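>
Number of protein chains: 2
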Amino acid sequence: MNQPAPFFLDCDTGIDDALALAYLLASPRADLVGIGTVSGNIDAAGGARNTLDLLQLAGYPDIPVAIGAHDPQEGTFHGGAPHVHGDNGIGGVELAPSDRGPVEVSAAELLVQLAHRFPGELRVVAIGPLTNIAEALRLEPQLTELVAEITIMGGAALAPGNITPVSEANIANDPEAAAEVLAADWNVTLVPLDVTMTNVLEENHRQELLASEHPVSQALGEMLGYYFGFYIDIFGRACSAMHDPLAAAIAVRGVEVATAPKVRVQVDTTTGPSRGQTVCDLRGQYLGFPDQRGARCRVVLEIGEKFAPHLLGTLQAAWLSEEQVAEPVT
Amino acid sequence: MNQPAPFFLDCDTGIDDALALAYLLASPRADLVGIGTVSGNIDAAGGARNTLDLLQLAGYPDIPVAIGAHDPQEGTFHGGAPHVHGDNGIGGVELAPSDRGPVEVSAAELLVQLAHRFPGELRVVAIGPLTNIAEALRLEPQLTELVAEITIMGGAALAPGNITPVSEANIANDPEAAAEVLAADWNVTLVPLDVTMTNVLEENHRQELLASEHPVSQALGEMLGYYFGFYIDIFGRACSAMHDPLAAAIAVRGVEVATAPKVRVQVDTTTGPSRGQTVCDLRGQYLGFPDQRGARCRVVLEIGEKFAPHLLGTLQAAWLSEEQVAEPVT
Chain Y
1016 MNQPAPFFLD CDTGIDDALA LAYLLASPRA DLVGIGTVSG NIDAAGGARN TLDLLQLAGY
1076 PDIPVAIGAH DPQEGTFHGG APHVHGDNGI GGVELAPSDR GPVEVSAAEL LVQLAHRFPG
1136 ELRVVAIGPL TNIAEALRLE PQLTELVAEI TIMGGAALAP GNITPVSEAN IANDPEAAAE
1196 VLAADWNVTL VPLDVTMTNV LEENHRQELL ASEHPVSQAL GEMLGYYFGF YIDIFGRACS
1256 AMHDPLAAAI AVRGVEVATA PKVRVQVDTT TGPSRGQTVC DLRGQYLGFP DQRGARCRVV
1316 LEIGEKFAPH LLGTLQAAWL SEEQVAEPVT
Chain F
1016 MNQPAPFFLD CDTGIDDALA LAYLLASPRA DLVGIGTVSG NIDAAGGARN TLDLLQLAGY
1076 PDIPVAIGAH DPQEGTFHGG APHVHGDNGI GGVELAPSDR GPVEVSAAEL LVQLAHRFPG
1136 ELRVVAIGPL TNIAEALRLE PQLTELVAEI TIMGGAALAP GNITPVSEAN IANDPEAAAE
1196 VLAADWNVTL VPLDVTMTNV LEENHRQELL ASEHPVSQAL GEMLGYYFGF YIDIFGRACS
1256 AMHDPLAAAI AVRGVEVATA PKVRVQVDTT TGPSRGQTVC DLRGQYLGFP DQRGARCRVV
1316 LEIGEKFAPH LLGTLQAAWL SEEQVAEPVT
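So the sequences go chain by chain: Y and F. Here the first sequence stands for residues 1016 to 1345, where the numbers follow this note's numbering. Here the second sequence stands for residues 1016 to 1345, where the numbers follow this note's numbering.
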């Protein structure tokens, strides 16, 4: 990737989604060509509104944002995670409303359109439930060939879950869609809790964002105040997991993976206690996690460097060098 | 436990079962008062034969051995694991046949009898599928109060499974029975693959057994030759996991546990990809695994010392000091 590659982001913005979005905008390796939203941390329409507002604040109001599925394949949307992300999805931070609205097509339709516009090149980063991606696979069975690769924040391999003892929120919110996406014949990189819970942002990182002169960094720092509050019960201190931005950084090869075997992955779609689990075949653990023959899903268990400095450095470098940054909306 | 406590062993002998049996006979903290067998590594009748032969070789022919369930609660016995334990269950090693036969009662009946004989004192070590234990709970609903505690070798908490990506053999061989036993209101210690796969016996330990003058140690060393062969594909070298003897050692407090939170544990009894999984709620990982209020199942994730030296030392000390050792049967 010497030239920036075209990226499609599917998200449920969400505080860590906002960080992932900012990272993709900032990374010199990514050209963000479209965004879909799905219900997860907040409903799909609310996630689109947050995304549009962030894009305007960041100076990229022209990137198309498409609203995707409101409900998962089975059942109805549960109402989001206000205890984690706040009632408005971004920790109660008030952004200036964007002048733009979402595009007319659905998130799945936008993804299919972009896959045809960038055949063999488009990279997908999916950081919400996989409802839209599964819908796109049904709309366009060639999608698996048109898309270069897909990176998914989701699941728990050997780490505990965060919704149930063994399931993670993005997968648990639509296990049927996740099962379709992970069974499809394409190059998948799964970024599970195993690696997102062990690469955290601390209070000094948040202070660094707040001290930035860039309004997006300031807003992210404010949002993280809310997010850190949720994580006190999990980590015993004010800090946060870095689920979505880590997936984005792995997708753009901004951070290198250290342990990421290609193994068989099956999603539990039963109604039993393991519903929503990503059943990853990691029985090769004692041999150092060799790849399994024929498996196309790479499960990231470890990265090769500290993530927070890379994330903050990427944002800072972009804001310093950029000329297209919008004036703070006041 | 200053006085040796009465122990009931439920097993499917089995090479590592043979080690657990030898350990319980050797430990000054355990008084082995009865043994049940269940189909697992080998069928229940074959396991009883191996157990009787080992008891005679060790000089304890009077400990009652009862044959338990041949089939799991659902379906039929799958035929054992000859690729792991050999066709005869003990790596093809030929022991002199015992003069004794099994007792007339079933394993579950023997357990209930002994629980009444040692009320509040009897400790159970279950190192096979839990079919007999579940049957005993049905025979005698007071069993949970009569038994002081039960230690189970089984399951996989955060480690990969050994039968499927998430299930371990003892639980996977009878998930319905395991669900009953783990849902019962008694003090359970679960010794899962997390700790049995990380405490291994190496070739030098096996040589130590072979060099012993005691026929039981010699026989164990020979059996382990077969077992080590199976584990080459798992560990990349000739060595072996120490599933059953480690559970026995934890049960008698021969080794101390280092990380063993009391948490909710549910067995997956669906027909999905997680069938047979022990779903342990270890979401407290990032706080150092605190106990969960009301949970009575202790899940051992780490022990506080090296196991192999303790195991070999216990056998050696017993054989050296003992006067009741039988003459080698030639």
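We put the CB at the ideal spot given by N, CA and C, even for glycine. Fair warning: this is a prediction, and the values are worked out from it, not measured in the lab.
Leaving out five residues on either side along the sequence, give the residues of the same chain with a beta carbon under 7 Å from the beta carbon of M1238 (chain F).
I1030, A1033, I1105, G1106 and V1108
> Is DSSP giving E1317 (chain Y) helix, strand or coil here?
strand
> If we count the other Cβ atoms within 10 Å of its Cβ and call it buried at 16 or more, is R1138 (chain F) buried or exposed?
buried
> Cβ atoms of H1229 (chain Y) and W1334 (chain Y): under 8 Å apart, would you say?
yes
> Taking C-beta pairs closer than 8 Å, name the residues in chain F that L1205 (chain Y) reaches, listed in chain order.
Those do not exist, as L1205 (chain Y) stays about 14 Å from chain F at its closest Cβ, beyond 8 Å.
> Against chain Y, with Cβ distances strictly below 8 Å, would I1247 (chain F) count as a contact?
False, the Cβ-Cβ gap to chain Y never drops below 8 Å.
> In whole angstroms, what separates the C-alpha of I1165 (chain Y) from that of R1298 (chain F)?
28 Å
> Among residues of its own chain, excluding the 5 on either side of A1151 (chain Y), which ones have a beta-carbon nearer than 6 Å to its beta-carbon?
A1123, L1126, V1127 and L1158
> The beta strand (DSSP E) that contains L1216 (chain Y), what's its start and end?
Element bounds for L1216 (chain Y): V1215 to E1217.
> Would DSSP call Q1071 (chain F) helix, strand or coil?
helix
> Buried or exposed for A1184 (chain F), going by 16 or more other Cβ atoms inside 10 Å?
buried
> Put V1048 (chain Y) into one of helix, strand or coil per three-state DSSP.
strand
> Which of the three DSSP states is assigned to D1102 (chain F) in this structure?
coil
> Rounded C-beta distance between C1312 (chain F) and V1270 (chain F)? I'm assuming under 8 Å.
Contact flag wrong, Cβ pair sits at about 19 Å.
> For a cutoff of 8 Å on Cβ pairs, would you count R1308 (chain F) as touching chain Y?
no
> Looking at C-alpha atoms only, which residue of F:M1257, F:Y1246 and F:V1118 is the closest neighbour of I1078 (chain F)?
F:V1118
> Please report how far the alpha carbon of N1202 (chain F) lies from the alpha carbon of A1163 (chain F), in whole angstroms.
7 Å
> Please identify the residue among Y:L1216, Y:P1305, Y:F1092 and Y:V1267 whose C-alpha is closest to the C-alpha of G1244 (chain Y).
Y:L1216
> At what residues does the alpha helix (DSSP H) containing T1146 (chain F) begin and finish?
T1146 to L1154
> Measuring only between beta-carbons, confirm whether F1250 (chain F) sits less than 8 Å from chain Y.
yes
> How would you call H1098 (chain Y), buried or exposed, if buried means at least 16 neighbouring beta carbons within 10 angstroms?
exposed
> Near D1200 (chain F), what residues of its chain come up, given a Cβ to Cβ distance below 8 Å and the 5 sequence neighbours on each side ignored?
Answer for D1200 (chain F): T1159 and R1311, listed in chain order.
> Runs of 3 residues minimum, wholly inside the region 1271-1334 of chain Y: which ones carry the beta strand (DSSP E) assignment?
1272-1274, 1280-1282, 1293-1295 and 1312-1314
> Write down every uninterrupted run of the alpha helix (DSSP H) in the region 1132-1198 of chain Y whose length is 4 residues or greater and which is fully enclosed by it, in chain order.
1146-1154, 1158-1161, 1184-1187 and 1190-1198
> In whole angstroms, give me the CA-to-CA distance for Y1038 (chain F) and V1080 (chain F).
17 Å
> Could you tell me if A1226 (chain F) is buried or exposed, where buried requires 16 or more neighbouring beta carbons within 10 angstroms of its beta carbon?
exposed
> For G1101 (chain F), collect the residues of the same chain with a Cβ closer than 7 Å to its Cβ; drop the 5 residues on either side in sequence, then sort them by chain order.
The answer, listed in chain order, is G1107 and Y1241.
> So, at 6 Å on beta carbons, what are the nonlocal neighbours of A1149 (chain Y) in its own chain, with the 5 sequence-adjacent residues on each side left out?
Exclusion of the five residues before and after A1149 (chain Y) leaves A1192, E1195 and V1196 as the residues of its chain whose Cβ lies within less than 6 Å of its Cβ.
> Verify whether the separation of the beta carbon atoms of T1204 (chain F) and I1265 (chain F) is less than 8 Å.
yes
> Using alpha carbons as the reference points, say which of F:S1255, F:D1025, F:L1040 and F:I1167 lies closest to Y1301 (chain Y).
Answer by Cα proximity: F:S1255.
> Kindly indicate which three-state DSSP category L1348 (chain Y) falls into: helix, strand or coil?
Only positions 1016 to 1345 of chain Y appear in this structure, which leaves residue 1348 (chain Y) out of reach.
> Thinking C-alpha only, which one of Y:A1020, Y:H1093, Y:K1321 and Y:P1260 is nearest D1058 (chain Y)?
Y:H1093
> I'd like to know if Q1071 (chain F) contacts chain Y, where contact means its C-beta is closer than 8 Å to some C-beta of that chain.
no
> Quick check: does the Cβ of R1221 (chain Y) come within less than 7 Å of any heavy atom belonging to the ligand FMN?
As for the ligand FMN, it is missing from this structure, which has no ligand bound.
> As a quick exercise: from F:L1261, F:F1304, F:M1257 and F:T1284, pick the residue whose alpha carbon is nearest that of V1278 (chain F).
F:F1304
> Short of 8 Å in beta carbon distance, which residues of its chain neighbour I1318 (chain F), apart from the five on each side in sequence? Order them along the chain.
V1210, N1214, L1261, I1265, V1270, E1271, V1272 and A1273
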